[in-house]
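Participant: Before I ask anything, here is the structure I am working with.
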Amino acid sequence: MSQNHISAKVNKGDLLTAALLRWAPLLAFLLCTLPAPFYFLLRYFTASEEVGVYMLLMLVSLAAGSAIGLIVALLLFLFRRHWEKKLRERLAVDGITTAELRWFRQEMTLAERRALKQIEGQNALLADAYRETLATRLTATHVIKNSKREMVRIERRINQAAHLQGAARDTHNQELRADHLRVERVMHEAQNYGAEAETRLHMIEAAASRSASEEETQIALQRLGMTTGQTPYALDAARLERETRLQLEDELRNDARRLGQ
340 MSQNHISAKV NKGDLLTAAL LRWAPLLAFL LCTLPAPFYF LLRYFTASEE VGVYMLLMLV
400 SLAAGSAIGL IVALLLFLFR RHWEKKLRER LAVDGITTAE LRWFRQEMTL AERRALKQIE
460 GQNALLADAY RETLATRLTA THVIKNSKRE MVRIERRINQ AAHLQGAARD THNQELRADH
520 LRVERVMHEA QNYGAEAETR LHMIEAAASR SASEEETQIA LQRLGMTTGQ TPYALDAARL
580 ERETRLQLED ELRNDARRLG Q
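Residue 340 is where the sequence shown starts when you use the numbering used here, and the numbers rise one by one after that.
Written out as structure tokens, the structure is:
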């Protein structure tokens, strides 16, 4: 699959917003900095009296505009980072695909970006395998991060439940601990997926460094288990996370109903 294919989860509005936010900091800086100094510069060349005043005003407006432009550009840059983070979280919910890797370059290591660029220029088959494995590694990382965050929430609820009174407290506590164990199991599975994906990445890098032929590449991919008949690890990890999240939401709603009775 080509990396340039557009993901079905990214609509035209997302692409337009990304393009605008990419250029917005620079455009904002220029718009805040240049108009006033340019106006006073024209007045400096066209005025017959007090030309020094216009030169002074040009310098002052240039300094003030630059300061304002930097602040606006910084705010737009921070907003772009926040927007891209939210987009990555949305894309990672049901597994990262190779078509979506362009949005996750910030989460790749420098070595992974270099290796991907090098392999793409050497061998198309290995490049596809590397992108698929890299998507798996990134998905596993998101699952681990979300699982840790969910475990903290459950632990907080367990501490809050300790102060409850009544017969339902023990049952509620047991359910929360069961949820904690389930999320912990998902996190451990994601850690295993991530570790295996990193191993595969190193193996693909080693195969690419040997400049393997197409036939040798097919054999290497079969040994790595990268055949199309297998379910991608990214989708497995995402499925586990999605099932756990739905179960937790159902159980939390049931807990809320019981506590309200």
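Just so you know, even glycine gets a beta-carbon here, dropped at the ideal spot from N, CA and C.
Owing to the predicted nature of the structure, the values given are computational and were not obtained by experimental measurement.
Please check the pair P376 and G408, which I expect to be a contact at CB under 8 Å, by giving their CB distance rounded to whole angstroms.
Facilitator: Here residue 376 refers to the residue found at position 37 of the sequence shown. Here residue 408 refers to the residue found at position 69 of the sequence shown. Not confirmed; about 11 Å, so no contact.
Participant: Going by the CB atoms, is the gap between E544 and A454 shorter than 8 Å?
Facilitator: Looking up residue 454 in the sequence shown gives position 115. Looking up residue 544 in the sequence shown gives position 205. Yes, they are a contact pair.
Participant: Counting pairs of beta carbons, one from the stretch 523-532 and one from the stretch 471-489, are three or more of them closer than 8 Å?
Facilitator: Touching, yes, given that three or more Cβ pairs across the two stretches are closer than 8 Å.
Participant: If the criterion is Cβ atoms closer than 8 Å, does the pair S486 and V432 meet it?
Facilitator: To locate residue 486, count along the sequence shown from 1; it is residue 147. To locate residue 432, count along the sequence shown from 1; it is residue 93. No, they are not a contact pair.
Participant: I'd like the ranges of any alpha helix (DSSP H) spanning at least 4 consecutive residues and lying wholly in the stretch 357-411.
Facilitator: Here the runs fully enclosed are 374-385.
Participant: Just to confirm the assignment, what range does the alpha helix (DSSP H) spanning N498 have?
Facilitator: Translated into positions along the sequence shown, residue 498 becomes position 159. 463-500 is the span of the alpha helix (DSSP H), which, as asked, contains N498.
Participant: Cβ atoms of F379 and A412: under 8 Å apart, would you say?
Facilitator: Residue 412 sits at position 73 when you count from the first residue of the sequence shown. Residue 379 sits at position 40 when you count from the first residue of the sequence shown. Contact: no.
Participant: Under 8 Å between the Cβ atoms of F416 and R427?
Facilitator: Within the sequence shown, numbered from 1, the residue matching residue 416 stands at position 77. Within the sequence shown, numbered from 1, the residue matching residue 427 stands at position 88. Not in contact: F416 and R427 (Cβ atoms no closer than 8 Å).
Participant: In three-state DSSP terms, what is I543?
Facilitator: Mapped onto the sequence shown, residue 543 falls at position 204. The answer is helix: DSSP assigns I543 an H, G or I state.
Participant: Once you ignore the five residues that flank M397 on each side, which residues in its own chain have a CB closer than 6 Å to its CB?
Facilitator: Residue mapping note: residue 397 aligns to position 58 of the sequence shown, counting from 1. P376, F379, L380.
Participant: Which of helix, strand or coil does DSSP assign to V522?
Facilitator: Counted from its first residue, the sequence shown places residue 522 at position 183. It is helical.
Participant: Can you tell me which of the three DSSP states N512 falls into?
Facilitator: Position 173 of the sequence shown, counting from 1, holds the residue named residue 512. Helix.
Participant: Does the stretch 486-497 come close enough to the stretch 510-520 to have 3 or more Cβ pairs within less than 8 Å?
Facilitator: At 8 Å Cβ cutoff, the stretches touch.
Participant: Assuming T372 contacts L401 under a Cβ cut-off of 8 Å, what Cβ separation, rounded to an integer in Å, is found between them?
Facilitator: Translated into positions along the sequence shown, residue 372 becomes position 33. Translated into positions along the sequence shown, residue 401 becomes position 62. Their Cβ separation, rounded to whole angstroms, is 7 Å, which keeps T372 and L401 in contact under 8 Å.
Participant: Report buried or exposed for I410, applying the criterion of at least 16 other Cβ atoms within 10 angstroms of its Cβ.
Facilitator: Your numbering for residue 410 matches position 71 in the sequence shown. It counts as exposed.
Participant: Considering only the alpha carbon of each residue, which of V392, A406, W422 lies closest to R361?
Facilitator: Here residue 361 refers to the residue found at position 22 when the sequence shown is read from its first residue. Comparing Cα-Cα distances from R361 to each of V392, A406, W422, the minimum goes to W422.
Participant: From H502, R508, V525, A474, pick the residue whose C-alpha is nearest to that of K484; which is it?
Facilitator: Taking the first residue of the sequence shown as 1, we reach residue 484 at position 145. That would be V525, whose Cα lies nearest to the Cα of K484.
Participant: Can you give, in chain order, each stretch of the beta strand (DSSP E) that sits fully within the stretch 409-462 and has at least 3 residues?
Facilitator: Listed in chain order, there is nothing to give.
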